[in-house]
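Counting in our numbering, the sequence shown tops out at residue 237, every number present.
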Amino acid sequence: MSAPGRVIVPLDVPTLADAVALARRLAGHVAAVKIGKQLFTAEGPVAVRAVHDLGLRVFLDLKYHDIPNTVAGAVAAAKSLGVWLLSIHASGGGEMMRAAAKAAAGPDRPLVIAVTVLTSLSEDAHRAMTGTPRTIEEQVLHLAREAKAAGLDGVVASPREIRAIRRGCGPGFLIVTPGVRPADAALNDQHRVMTPAEAVRAGADLLVIGRPITAACDPVAAAERIAAECQLPGDQ
Ligand code: C5P
């Protein structure tokens, strides 16, 4: 399956038919598509298989967070679907993350990345929930280091944390970033945004970009424009 570029497009649609129609247009123009809780809950593994049939890679973004044994089972099931990338929650703890890494291991293994702190949380909400004096950025970096120590491949991070994670976790640790908006695009409900070029220069490896592509009159042209914007010298 070919995989150009750094852009992952979420299939945030309610039905399999909608997902396949969007994925068919994007095949060959994006790095992968993301299947999240909405589509997977509605349609299940058939959505993953349908996207694979179009030659696209899948980021299965179900953000597993449970006891280690249950998460290991879920990761093994995702692996058997042949997904390329999948997400778990770092706040499930080191043992849970190690169990996920172990379940993913082996030939043709999926990459496993951890969500650190949800970007929907404010500093106040984060402090109230965790009781820690750490700022969100400090907590994100702490959890990213834990994820790396547990053997995971990377993290999901908001644009404002990319630099700290890249500095703290080094090259080769995957940083996947939502909240990216081309300079001329609507912000929608995203607040702390960066442009694709800024996010890549800050150290992001992969960008999750939805509505600026999916709501465009020509999603392929929008995806190509964004892909061009985030090329770095040395990219093919
Ligand atoms: O349309 P938009 O580009 O905002 O879509 C971004 C995608 O990334 C959505 O699938 C959304 O659920 C996801 N996401 C996000 N912010 C996070 C984590 C995930 O927007 N912090």
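Glycine residues also receive a C-beta, built at the ideal position from the N, C-alpha and C atoms. All of these numbers come straight from a predicted model, not from anything done at the bench.
Ranges of the alpha helix (DSSP H) found wholly within the stretch 4-41, counting only runs of at least 4: Taking 4 residues as the minimum length, the alpha helix (DSSP H) runs contained wholly in the stretch 4-41 are 17-27, in order along the chain.
With DSSP as the reference, label L142 as helix, strand or coil. In this structure, L142 counts as helix in the three-state DSSP scheme.
Taking only the alpha-carbon atoms, compute the straight-line gap between A184 and A200 and give it to the nearest angstrom. Straight-line spacing of the CA atoms in A184 and A200 works out to 12 Å.
Our contact map puts D154 next to L188 with C-beta atoms below 8 Å; I'd like the distance itself, whole angstroms only. 30 Å between Cβ atoms; not a contact.
Under 8 Å: do the stretch 223-232 and the stretch 27-45 share three or more Cβ pairs, one atom per stretch? The stretch 223-232, when compared against the stretch 27-45, does touch it at the 8 Å Cβ threshold.
Would you tell me roughly how many angstroms separate the C-alpha atoms of V10 and T117, rounded to the nearest one? V10 and T117: Cα-Cα distance of roughly 21 Å.
Is it right to say S3 is buried, meaning 16 or more other beta carbons lie within 10 angstroms of its own, or is it exposed? Summary for S3: the model assigns pLDDT 36, below 50, so the residue's position carries little reliability; its value from the coordinates is reported in the next sentence. The residue is exposed, with fewer than 16 neighbouring Cβ atoms inside 10 Å.
Within 10 angstroms of its Cβ, does D125 collect 16 or more other Cβ (buried), or is it exposed? Exposed, because fewer than 16 other Cβ atoms sit within 10 Å of the Cβ of D125.
Please identify the residue among L207, A77, R202 whose C-alpha is closest to the C-alpha of P234. The residue with the shortest Cα to Cα distance from P234 is R202.
Please name the residue in R7, L55, L82, G74 whose C-alpha comes closest to that of F41. Ranked by how close their Cα comes to the Cα of F41, the residues R7, L55, L82, G74 have L82 in first place.
Where do the N-terminal and C-terminal ends of the alpha helix (DSSP H) with V221 fall, by residue? Here the alpha helix (DSSP H) through V221 covers 220-230.
Using 7 Å as the cut-off, classify the Cβ of L23 as near or not near the heavy atoms of the ligand C5P, replying yes or no. No, the Cβ of L23 stays beyond 7 Å of every heavy atom of the ligand C5P.
On the three-state DSSP scale, how would you describe T178? When secondary structure is reduced to three states using DSSP, T178 falls in the strand class.
Return the chain-ordered list of same chain residues with a C-beta closer than 8 Å to the C-beta of L57, the five sequence neighbours on each side being excluded. Short of 8 Å from the beta carbon of L57, and not among the five residues preceding or following it, lie these beta carbons of its own chain, in chain order: M2, A24, L27, A28, V31, A33, V34.
With 16 as the cutoff for other CB atoms within 10 Å, does R7 come out buried or exposed? Counting of Cβ neighbours within 10 angstroms places R7 among the buried residues, the total reaching 16 or more.
Heavy atom of the ligand ADP within 7 Å of S88 beta-carbon: With respect to the ligand ADP, the structure shown offers nothing to examine, as its ligands consist of the ligand C5P.
On the DSSP letters alone, give me the boundaries of the beta strand (DSSP E) that I114 sits inside. Looking at the DSSP string, the run of the beta strand (DSSP E) that includes I114 is 112-116.
Just the Cα atoms here: how many angstroms apart are G211 and G180? In a straight line, the C-alpha of G211 is about 9 Å away from that of G180.
In the DSSP assignment, find the unbroken alpha helix (DSSP H) run with G155 in it and report its ends. Run containing G155: none in the alpha helix (DSSP H); it sits in the beta strand (DSSP E), 155-157.
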